[in-house]
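Comments concern the structure below.
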Amino acid sequence: MMRLDKFLCETGFGTRSQVKGVIKKGLVLVNGKVVKRPEHQVEEERDCVVCEGKPAQYQKFVYWMLHKPAGVVSATEDRKERTVVDLLPEEARKGVFPVGRLDKDTEGLLLLTNDGELAHRLLSPKRHVEKRYYAEVEGRVMEEHVQRFQEGLDIGEKRITMPAKLEIVTSGEISEVYVTVCEGKFHQVKRMFEGVGCRVRYLKRVEMGGIVLDEGLRAGECRELTGEEVCVVRGMTLGLGE
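Okay, so the sequence shown: first residue is 3 according to the working numbering, each after it adds one.
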């Protein structure tokens, strides 16, 4: 249950003082009846609320896909830098945070939500959610590197990396590749290539689990996940213990 004035704020009809004024004018209907008390309790997902002729649709959790551009930090706020949350529509920013992070100079798919439990499950090391990247690498990437990625690499931590899939698109002074990892160590893809004598000069995440970056989104653009995509995201978090 939620106060009517808070409910209208949550569904984008204005500030608490603004919606109180609208309520007291008799411009809000709850289940077809005029309600003039801001403190009136509504059931968020069951009651039919209409404000000034417009239905108020409550959505507890939101899920956004962002094509993160380089130069933006994966945070909710920063005193000096522009954040990924700043790229969402202003009305969609409240309570939303990035699921994991991409380095400041890395582009590509980033999910943002206000669903803390789902985000925790997606990021749990035990779930091994796959993340696929496109990379441009300085150095000739060869089949021997494919095998080394599959076996796991020493990147200076206690344990070698888990098996990763390396796909070669082109091999030359600048090689183009796809890399799929199922863990999220700090600067992992870059450190893995450094471990085989190469250097990543461009990195873009194109997929996370079953969610693929929408090719129609330019860098800096975003959209809400479709119902089917939300089901995929939720499916990635089911069936495994913590």
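Ideal Cβ placement from N, Cα and C applies to all residues, glycine included.
Buried/exposed call for residue i, threshold 16 Cβ in 10 Å
i             : result
histidine 1   : Residue numbering for the chain in the displayed model covers 3 to 244; residue 1 lies beyond these limits and cannot be assessed.
proline 100   : buried
glycine 110   : buried
aspartate 7   : buried
aspartate 156 : exposed
histidine 69  : buried
Inter-residue Cα distance where the pair is residue i and residue j
i                : j               : result
glutamate 244    : glycine 186     : Confidence at glutamate 244 is low in this model, with a pLDDT of 37, below 50, so the placement of that residue should be treated as unreliable; the coordinate-derived value is given next. Those two C-alpha atoms are separated by around 17 Å.
valine 32        : leucine 113     : 34 Å
glutamate 47     : glutamate 54    : 19 Å
valine 208       : glutamate 132   : 11 Å
arginine 134     : valine 87       : 22 Å
leucine 242      : arginine 129    : At leucine 242, the pLDDT of 42 sits below 50, so the modelled position is not reliable; the number obtained from the coordinates is stated separately. Between leucine 242 and arginine 129, the C-alpha separation is close to 7 Å.
valine 202       : glutamate 231   : 30 Å
threonine 17     : phenylalanine 9 : 11 Å
histidine 147    : valine 214      : 25 Å
phenylalanine 15 : tyrosine 60     : 11 Å
lysine 27        : glycine 212     : 48 Å
Residues that DSSP places opposite residue i in a beta bridge
i               : result
isoleucine 213  : Met210
leucine 113     : Met67
threonine 78    : Answer is none; threonine 78 lacks a bridge partner.
arginine 201    : Glu140
isoleucine 170  : Val179
phenylalanine 1 : In the structure as shown, the chain starts at 3 and stops at 244, and residue 1 therefore has no counterpart that could be examined.
proline 165     : Proline 165 is not bridged to any residue.
Segment limits, alpha helix (DSSP H) that includes residue i
i             : result
leucine 125   : 118-125
leucine 6     : 6-12
isoleucine 25 : 18-26
Residue i in three-state terms, based on DSSP
i              : result
glycine 243    : Reliability of the predicted coordinates at glycine 243 is poor, the pLDDT of 38 falling under 50, and the value obtained from them is presented with this limitation in mind. Residue state, collapsed to three classes: coil.
methionine 153 : Before going further, note that residue 153 is glutamate rather than methionine in the sequence given. Residue state, collapsed to three classes: helix.
leucine 89     : helix
glutamine 59   : coil
lysine 192     : helix
valine 37      : coil
valine 44      : strand
arginine 134   : strand
Opening and closing residue of the beta strand (DSSP E) in which residue i lies
i             : result
glutamate 226 : 224-226
leucine 31    : 30-32
valine 52     : 51-53
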